[in-house]
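Okay, so here's the structure we're looking at.
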Amino acid sequence: MVAPIYIVAIALGIAFSLGFFGKKSTGFATGLFYAALAAISFISVQWFTGFIFNGQSSTEVFTAGLKPPFSISLQMGLPEAIITTMINLAGFMGAVFFADQLKKYGVHLMITYLLLIMGLNVIVMTRDIFNLFVFLEISSIAMAGMALVTQEKKSVQAGFKYLIATAIISALLLVGIILTYNYGESLYINDLLAANLTGIKAGATAIFLILMPVILELKPFPANGWGLDMYQATHPVVGSLLSAASATASIFVLYKLAPLGGDTGMQVIAVLGGLTFVASNLMGLKQSHAGRMLGYSSIAQTGLVMMVIGLQPVLGEHTLFIGFSILLTHFLAKAGLFWLRGILNTDKLKEWGKLRNTPLLLFVFVLFIVALTGFPPFPSFFGKWELVMQLANSGHGWWIAFILLGSLLEAVYLFRWVGYSLKIKSKEQTEQKAHKLIPVYLFAGILLTSVYFYLSHFYPDSMMQYVPLAFVALMFVLEFLPAIIKNIISIGGMAAYSWLLTDQYLGEDNLRFFFALIFLVGGILTMIPGFRQKGKRVGFYPAAVMMYAGLAMLISATDLLQFFIAWEIMTLGSYLLIIRGKRSIKHAFSYMLFSLGGAFAMLAGFGFAQAGNPGIGLDVLANMTYLPHLTAILLAIGFMTKTAALGLHIWLPGAHAEAESDVSPMVSAILLKAGVFGLMLLFIGMGAEAAGGHPLVIALGWLGALSALVGNLAASFQEDAKKLLAYSSIGQLGYILFAFSMMTHLGWLAGLTYVAGHASYKAILFLGIGAVVIRTGTHNMYQMGGLIKKMPLTFIGVLFAIITLAGIPPLAGFAGKWLFYNAVIMKGWYLQGAIVFTAGIIAFLYSFRILYAVFLGQLKDQHRKVKEAPITYLIPMFILMVGIMIFSAQPHLVLKPLGNMISGFFPSNMLDWNGGTALTSLGYWNGFQVAVIIMIMFAILTGWLLLTSRKAKKVGQFNIVYAAERPERPETTHMAYNMFAGYNKAVGFLAAPGITNIWRKIDAFFHDLGDWMRRIYSGNAQSYLIHIVAYTVIVFMIINFGI
Amino acid sequence: MITLEYITLGTGILLMLMGIWGLFTQKNLIKIVIGFTLVDTGIHILMVSIGHIKNRTAPIIDDAVNASEAADKVVDPIPQAMVLTAIVIGLGITALMLTFVVKMAKDNNSLNVSNFKSLKW
Amino acid sequence: MESNLNIIIAIVLGVIILIFAALAIYHKKLSVAIIAAGAVSLLASIMYLLLAAPDVAMTEAAIGSGLSVIIFFYALNKIRKHHD
Amino acid sequence: MIKKLLLFVLLAGAGVMFWTGISDYEVKQDLNPIASYYADQGLEETGAANLVTAVVVRYRGLDTLGEVVILFLTASILGFFLIKRDGKNDFRESSEILKTASRLLEPIIILAGVYVFVNGHLTPGGGFQGGAILASALILAYLANPNDSISKTLLKITESFSGLSFVIIGVLGIILAGGFLDSTLLPAGSIGNLISAGVIPIIYLFVGLKVGSELAGIVTNLKYAPKNESE
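Protein chains in written order, with the numbering used here: chain G, 1485 to 2527; chain C, 80 to 200; chain Y, 3 to 86; chain P, 91 to 321.
Next comes the structure, spelled out in structure tokens:
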């Protein structure tokens, strides 16, 4: 082991020797410079590995050959080793990135850079507060100097602000040090920790004046304008050093010194950190400058870690893990993002679409953002998870709310940025210099590697759970293959995995088997249209497989953590799928925000649910002790964002309608069921029958009924065929929610029937209409018509699905309806039942509209050459049709086992099976008989129609009736345009976008608030100084006088 | 009873406050740097005062102060050593600040701190 | 008593220091302000002597009131040159 | 006006804060344990009669190294501005009297500076003070002969050489004595002599040279500081 003091000796020795080199021998100097950085990195890495793998014990270096407190000592323990490794890694890689500037500025820059890194190392290791001051000054000065690298007016100003701000902060620190020395009679941190100075007022003030400057170094809101300017105006490498190296070191200093302040100090740190986290993210909302936005995000993340440090008394032994996990992700992602900023060389967010030209860079960018926003399986997710769990365990619900609010705000601006980079095309090429790419890829690689360690740490035994995740990773690796091969691999993977799940759950846990069937068989079928694609279809397969992997993991999740991970993976995959649509950018964004909001509600709910329980198994849902009602509500909200219940639905129409033709069925027919699955787990946990009278469940029943009504009504008024289908999903999911909320055997059975039904007919409809959209190139129904002649097979499929949807006998939809009304009557929910019944009638309106407008009527001139739907679309449609037919004829094959399963939760069996005949106290129904009877009736009717309508005349294309098109608005003469205008006038207000407006107002409120708050950053160096002093004084006053 | 230490402590704190006042109110960049040096000097006075012990001599062992009884005769050398370091650091920072000021003044042809607000929000 | 004398000197020094500090902050002429700030340092170094800190006194005199003032004037000179 | 009033209230708050910090201050009667350890053992352990020097060079040697680094850093950062320097300086030719006087004074000042820093372990003074004095001699030389500035290379080499030597002595401390910057790697010698106190005089020599050359370097760089409006 090389003693850590050599970090100082080597860095300083080489920094001093660099002065020998003039302009002529820069080459050699550069070599020496990199050697120094490599050497100090080596030392810290060596200690790091020593601690991790060789059980090294921590060591203290005594300078001057004397023990502290008589001399200055440096400590090297595991935390120090980790932090210095991070700093040195960021330093070394930053220097690699910096090669151009190093050449330009020569030894001056090298010296500054090297001393900056050295200073940061020492402030981490030192155990002497005055020594801390000296090296803090070194790093601050060096950092301010680095601002000059861009040599613009702005960066000089930023450097000046940084310099005077840190100077005044250091001045405060110096006062704190001398006062602490006076009362504590030592400068050695360990002595001061033992002395417990907070007992006397002056001692507490002395400690306050030590801790406050350390907090100020972390740029807390609102005394941080100087830091933001620095992020904005300096070279990206300086930004990366500020964010990754300097903040990391400062955080560690705070961690080291925080115990000095005792419990009050901790509390203050936690509050100030939390405030910074939320406020910075709020102000980040309005940012349009990439550098400054990263600055806001960096400050927010540091605030979060600061808060974790302050919550030590609550978090106990978990503090280190939580803090480190969040810090690590922040460190890797922020350094990477700042470097990307350097590669792209633009600060306009909308220009980040340049990344599209280099898919690998785009991947890395999204990876960083996703990790930063706390998506699993990245470290910060595990940190946040553990944080929420521990806070819930100790009853700190408000803190959880605060954290999740901040996280959501951060996700808003980060995902908006992701949207731009994924969608906005740019012709500009990015410069591809190896020395700039290597650091970015290396950090991305470390981030990905860390995932393995985290998963194996949390689940050393059940890595099987993560096979789907590995499959996703494989799909990323296989991106270079043509689409057809990737399609085969995806389908093969899903088939293999569904076989595995069948083996595991069939007969054991039919509920899970049922959903596994929907998720995976549905997955396979909806992947078939993909065979049509030529080329590579970059980005599609990883996203699709990610979504299905999440769904599959949802099935096999055995505890809350696994469930949540699966949930988030699914969300991420579906987001990436949805955003592929041409005009999806804002819809995918809204989908992401609702999903994250829901996920955070769920996270809080999970936290509360497991509080007071010994483990985090899914069975804790059955035994909620801490705030059980709130927990149930939070979880229901979380699940309902996916089922798009009324109020949480506004993301759905756009997201489903604007997705690619073969993506719509995936996200509509299949994805929505994940929410249903979650709700079922929740209801089962709440104690199925016992929950029958639960106010939450009753409320959900109403919500379901209203969703059905509003969804169907809105669907009827759509001009866009896919939007119509999307709104109809809201209605259908409303039925499902309603059915499950009844909490009876029949209700659940009806619900499950609907689930299966919706999965199949919605898939057929979206495939069929998707094919129409592909062929005609429009979503608007008034631009279609008469396609029955051109696409008869598609028509048959859509007709079939519509019949099922509308619940018209003989198809399965009727079975659902029959069960449903039986259930309603038995439950006695007449009022709600009436609403749902009305909704069912409205469903006829849009069913008719879509059939008529698209397939019947006059064929448009421009569609004369339209071909039948692609065979890849027809195949899954017809497979599903066969499925529906089998189910319609022999419903007991499916319903009976499901019924048996439900009997486990609802023992009062109200449904009997007599062969293929279902019996309830209200009547009986035999699917096969119904089918036969209907067939006969249909045949008779058709014959009668054929006989009587001979006089009917075909209208020719150029019939005078159609000659009156208004050229400026041709759609107005189309029969299907504004088809239900009358109804719209009468009841349209029910479907008015009132809820959308409410959400829009909330959105505007936060944006305006953020915009208003950031006005304090006036740009004036003097006001920043005032902020710093005022912040200190005000916090002091609050602590001491409780103002 | 007024002692030397209280007077110097008071002077130090008042000087610091005056320096801070200068930082708050003066618009001229050079004045702001001057304000900073005043704060610095104030802190140095404060530090030395805290190391002082009544009726003792400088921490130098010579003919007047015997090595064996030094602990009873001299003032605390540690704050003095710290102040030495702090003074030099202060000089470094002052020089750097002035360099920035010069550069900014040349870029914008102004010394008024309110004129450097191109970065905000 | 000797210490009484010290106290009186210290009070006088303190008052003068604060007066010079006010001058440094408020005097319109920058060169006067700079010299006043230097004087603060110089007087502070006398105070250090009273406080039995000759090392600090020397340093403050050499750096605070010597070099620091020189650097200020160099900077001022630069800016002035430009303004002319 | 209201703003000023608010600022004054804030200042008063800061005053209260600082005052609270010293509110429990009592006039001390004794040294604290660490200081009395230094007073008792300092001379013996370091050989330096000036206890401040003992603290600065040995006990808190890392701080001293750090502060040298700060000046070095400042000088380096000023170097950023010199990428496009035009070589001209702003001072007019000085008077003959100043020239003569400086020629006369310079050696004396330099000698005084050297004396201060090599005697730092015995009497008040040391590397910083001596360095500052040395620097003023160099500055005087600039004032006298603005166009005939002392070779920058020489300054740079002195600066680097003395800094490097400081670090090397520090590392030698690990090898030959108790730890980094342990000044006892040379025998303490007889107290009161110039050649005593282990490597303290040597360290102070280098500190002095380094501080002197750095301060002079800062002034030189300021002299050539940014010329062009925009780079």
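Even for Gly, the Cβ is constructed at its ideal location relative to N, Cα and C.
Closest Cα partner of residue i within the set the options
{"i": "G:L1521", "options": "G:G2218, G:L1558, G:N1605 and G:T1543", "result": "G:N1605"}
{"i": "P:T243", "options": "P:E304, P:F170 and P:F270", "result": "P:E304"}
{"i": "G:Q1716", "options": "G:S1864, G:S2213, G:Y2501 and G:F2525", "result": "G:Y2501"}
{"i": "G:F1761", "options": "G:I1810, G:K1740 and G:L1744", "result": "G:I1810"}
{"i": "C:T90", "options": "P:R150, P:F98, P:L100 and P:G105", "result": "P:G105"}
{"i": "P:T310", "options": "P:L194, P:I167 and P:G132", "result": "P:I167"}
{"i": "G:M2531", "options": "G:V1529, G:A1548 and G:G1549", "result": "Nothing can be reported for residue 2531 of chain G: it is not among the residues displayed for chain G, which extend from 1485 to 2527."}
{"i": "G:L1600", "options": "G:I1613, G:A1631, G:S1541 and G:K1588", "result": "G:A1631"}
{"i": "G:Q2374", "options": "G:F1964, G:V2338 and G:A2402", "result": "G:A2402"}
{"i": "C:I132", "options": "P:P197, P:E116, P:I259 and P:A139", "result": "P:E116"}
{"i": "Y:L78", "options": "C:V118, C:V167, C:K199 and C:A174", "result": "C:A174"}
{"i": "G:G1903", "options": "G:F1849, G:E1915, G:K1868 and G:P1706", "result": "G:F1849"}
{"i": "G:L2118", "options": "G:N2097, G:L2111, G:M2086 and G:R1900", "result": "G:M2086"}
Residues sharing a beta bridge with residue i, DSSP
{"i": "G:E1544", "result": "G:Q1559"}
{"i": "G:H1773", "result": "G:K1832"}
{"i": "G:D2204", "result": "G:N2264"}
{"i": "C:N191", "result": "C:N107"}
{"i": "G:W2397", "result": "G:A2402"}
Contacts of residue i in chain C (Cβ-Cβ under 7 angstroms)
{"i": "Y:A35", "result": "K110 and I113"}
{"i": "Y:A63", "result": "Near Y:A63 there are no residues of chain C at all, since even the closest Cβ is about 10 angstroms away, more than 7 angstroms."}
{"i": "P:R150", "result": "A160"}
Beta carbon of residue i nearer than 8 angstroms to that of residue j
{"i": "G:I1556", "j": "G:V1608", "result": "no"}
{"i": "C:L206", "j": "C:I109", "result": "The structure shown has nothing for residue 206 of chain C, since chain C only spans 80 to 200."}
{"i": "G:G2034", "j": "G:G2057", "result": "yes"}
{"i": "G:V2160", "j": "G:I2220", "result": "yes"}
{"i": "G:S1727", "j": "G:F1822", "result": "yes"}
With 16 other Cβ atoms within 10 Å as the buried cut-off, status of residue i
{"i": "P:G177", "result": "Bear in mind that a pLDDT of 47 at P:G177, under 50, signals an unreliable position, so the number given afterwards is only what the model happens to contain. Exposed, because fewer than 16 other Cβ atoms sit within 10 Å of the Cβ of P:G177."}
{"i": "G:W1983", "result": "exposed"}
{"i": "P:E321", "result": "In this prediction, P:E321 has a pLDDT of 34, which is less than 50 and means its spatial position is unreliable; what the coordinates show is noted afterwards. P:E321 should be labelled exposed."}
{"i": "G:R2259", "result": "buried"}
{"i": "G:I2325", "result": "exposed"}
{"i": "C:L88", "result": "buried"}
{"i": "G:P2179", "result": "exposed"}
{"i": "G:F1512", "result": "exposed"}
{"i": "G:G1515", "result": "exposed"}
{"i": "G:N1572", "result": "buried"}
{"i": "C:D155", "result": "buried"}
Under 8 angstroms by beta carbon: chain G residues contacting residue i
{"i": "C:I166", "result": "By Cβ distance, chain G contributes nothing, its closest Cβ being about 11 angstroms from C:I166, past 8 angstroms."}
{"i": "C:T122", "result": "Correcting the residue identity first, residue 122 of chain C is Ile in this sequence and not Thr. Within 8 angstroms Cβ-Cβ: A1655, L1658, V1659 and I1662."}
Neighbouring residues, chain P, relative to residue i (Cβ below 9 angstroms)
{"i": "G:S1639", "result": "Ordered by position in chain P, no residue passes the 9 angstroms Cβ test against G:S1639, which lies about 11 angstroms from the chain."}
Contact list for residue i against chain P, beta-carbon separation under 8 angstroms
{"i": "G:K1685", "result": "T110, S113 and D114"}
Within-8 angstroms CB hit, residue i to chain D
{"i": "Y:Y50", "result": "Among the protein chains in the structure shown, which are G, C, Y and P, there is no chain D."}
Chain C residues whose Cβ lies nearer than 9 angstroms to that of residue i
{"i": "P:D130", "result": "A146, S147, A149 and A150"}
Chain-ordered chain Y contacts of residue i [CB-CB under 8 angstroms]
{"i": "C:L83", "result": "S5, N8, I9, A12, L52 and L53"}
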